[in-house]
Amino acid sequence: MSLAEPLPAVARPRRRGRAAPYLFVLPALLLFSVFKLYPIGWSFVISLHRTVAGTEAFVGLDNYRRLLDDPLLWTALRNTAIVLAVQVPLMLALATALAVALNSTLLRGRPVFRLGFFLPMVTGLVAYGIVFSVLLNKDYGLVNWLLGLVGVDPVPWLTDGLWARISLGLALTWHYTGYNAVILLARLQTVPAELYDAAAVDGAGALAAFRHVTLPGLRPALLLTSVLSTIGTLQLFDEPTVLTGGGPDNATLTIGVYLYRNAFTYADFGYASALAYVLTLLIGLLGLVQFRLLGDKS
């Protein structure tokens, strides 16, 4: 057959067969482009503008320069960093201990306990925030009433800066510990029992087995939960909004709350979009650091 002759008819169905997967994926790509890529790109365009006298004026990188001199942004960053540095490690440590306990064969009724610890995650963010705001109310909250029974003065859980941060940490720990424990438990159940038997033969005690068998086995799950917790903390909005509104005196003001205020309270969408891009950059950088520290080093 010469080069000038047309291709056999068999080749055409093959080409159509090769294009079929792309046709099936096309609707998802279109939806992703319209509802994800386009808003992301348009948000960057908005970050280069500012509303002046009711009209959008192009200001270039002024919104990003403004970030450096914004004291409220630095307050929000500090508050978010406190939650990230204190509450998240404590929560993951508690979730790890809880996963080990739920995986123990000595515990009876393990499915019931697993369900009980996971149930807080099913509770809506606003709903449980309202419940905690009622429980921690200084004047008529159940917690202060119980403390009063043992002679403890009422604690200003939501009206004092330090106690407001503690209250926020307690609420977050209650809501997310069980969720992280379930993820860790799923990974823990894949660790071969033979490794513990070998450690016992070598004379390793419970702590040594936990250090040299359990923790290495949990490394992928710990990486996942730490990344998810970091992303959730940097996007923290519902809990501080419902519990304290970001107060008192901006003690629980987070980046998410500050971004919302700029966008929907002050209608400064350009600055809010710039905040969103900085937040995305922070999430990416912290994610890379966590992958370096907890990722597979082999």
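Residue numbers for the sequence shown follow the numbering used here, beginning at 153 and rising by one.
Here a beta-carbon is modelled for each residue, glycine too, at the ideal position from N, C-alpha and C.
Quick caveat: nothing in here was measured; it's all calculated off a predicted structure.
Can you tell me the Cα-Cα spacing of residue i and residue j, whole angstroms?
i, j, result
"V186", "V197", "16 Å"
"Y174", "P392", "44 Å"
"R170", "I192", "31 Å"
"D354", "L376", "31 Å"
"A245", "G384", "17 Å"
"D214", "L224", "17 Å"
"L324", "A172", "46 Å"
"S199", "Y410", "16 Å"
"L298", "L189", "51 Å"
"F416", "L254", "44 Å"
"N289", "N231", "22 Å"
Identify which residue in the options has its Cα closest to the Cα of residue i.
i, options, result
"T203", "L337, N414 and L445", "N414"
"R262", "L250, L445 and M273", "L250"
"S374", "L388, G439, F389 and W315", "A small correction: the amino acid at residue 374 is Leu; Ser does not occupy that position in the sequence shown. The shortest C-alpha separation from L374 is found at G439."
"L320", "P272, L337, D390 and L336", "D390"
"L386", "A428, A333, L370 and L322", "A428"
"L267", "D401, R339, L367 and V334", "V334"
"P308", "I318, L220 and S256", "I318"
How far does the alpha helix (DSSP H) with residue i in it reach, from first residue to last?
i, result
"V252", "V240 to L254"
"R218", "D214 to L220"
"P400", "Segment: none, P400 is in no alpha helix (DSSP H) and carries neither H nor E."
"A432", "Per the sequence presented here, residue 432 reads as Thr, with Ala not at that position. Its alpha helix (DSSP H) spans residues F421 to L446."
"N451", "The structure shown does not extend to residue 451, since the chain is modelled only from 153 through 450, so no value can be given for it."
"Y185", "Tyr is not the amino acid found at residue 185; the sequence shown has Ser there. Segment: none, S185 is in no alpha helix (DSSP H) and carries neither H nor E."
"P263", "R262 to V274"
"T311", "Where T311 is concerned, there is no enclosing alpha helix (DSSP H), given that its DSSP letter is neither H nor E."
"T382", "L367 to L386"
Taking its Cβ as the centre, do 16 or more other Cβ atoms sit within 10 Å of residue i, making it buried, or is it exposed?
i, result
"Q341", "exposed"
"M153", "Confidence at M153 is low in this model, with a pLDDT of 49, below 50, so the placement of that residue is unreliable and no value is reported for it."
"F284", "buried"
"L433", "exposed"
"G330", "buried"
"L437", "exposed"
"L310", "buried"
"Y328", "buried"
"T207", "exposed"
Provide the residue span of the beta strand (DSSP E) that contains residue i, from first to last.
i, result
"I209", "Checking the sequence, you will find Ala at residue 209 rather than Ile. Counting along the chain, the beta strand (DSSP E) containing A209 begins and ends at T207 to F210."
"V204", "H201 to V204"
Could you say if the region 414-432 and the region 341-349 meet the contact criterion of at least three C-beta pairs nearer than 8 Å?
no
**Message:** So, does the region 355-368 touch the region 235-242, judging by three or more C-beta pairs under 8 Å?
**Reply:** Look at the beta carbons and you see the region 355-368 not touching the region 235-242: under three pairs across the two are nearer than 8 Å.
Would you check if there are 3 or more beta carbon pairs closer than 8 Å linking the region 218-237 to the region 398-414? yes
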